[in-house]
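Using numbering that gives the first Met the number 0, the letters of the sequence shown correspond one by one to residues 0 to 42.
Structure first, commentary second.
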Amino acid sequence: MLKTGDKAPEFRVKADDGKDVALADFRGKRVILFFFPKANTSG
Numbered sequence: 000m001l002k003t004g005d006k007a008p009e010f011r012v013k014a015d016d017g018k019d020v021a022l023a024d025f026r027g028k029r030v031i032l033f034f035f036p037k038a039n040t041s042g
């Protein structure tokens with residue numbers, strides 16, 4: 000399990016528009032990940 004301050008491991012996911020996105024695509028930028036079920040649920 001990661002602890003506060005640990006670097007996130009490299010990963011690749013499919014975005015809601017169908018495109019692949021990798022953590023490396025945002026190197027040097029701040030990133031916030033927000034996961035939720037795709038079923039008319041609020042964030």
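Glycine included, each C-beta is placed from N, C-alpha and C at the ideal position.
If you're wondering where the values come from, they're calculated on a predicted model, not measured in any experiment.
- Just measuring C-alpha positions, the residue of A14, V20, A23 and E9 sitting nearest P36 is A14.
- As a beta-bridge residue in DSSP terms, D19 pairs with K13.
- Judged by their CB atoms, F10 and L22 are nearer to each other than the 8 Å cut-off.
- The closest CA to that of D24, considering only V12, K2 and M0, is found on V12.
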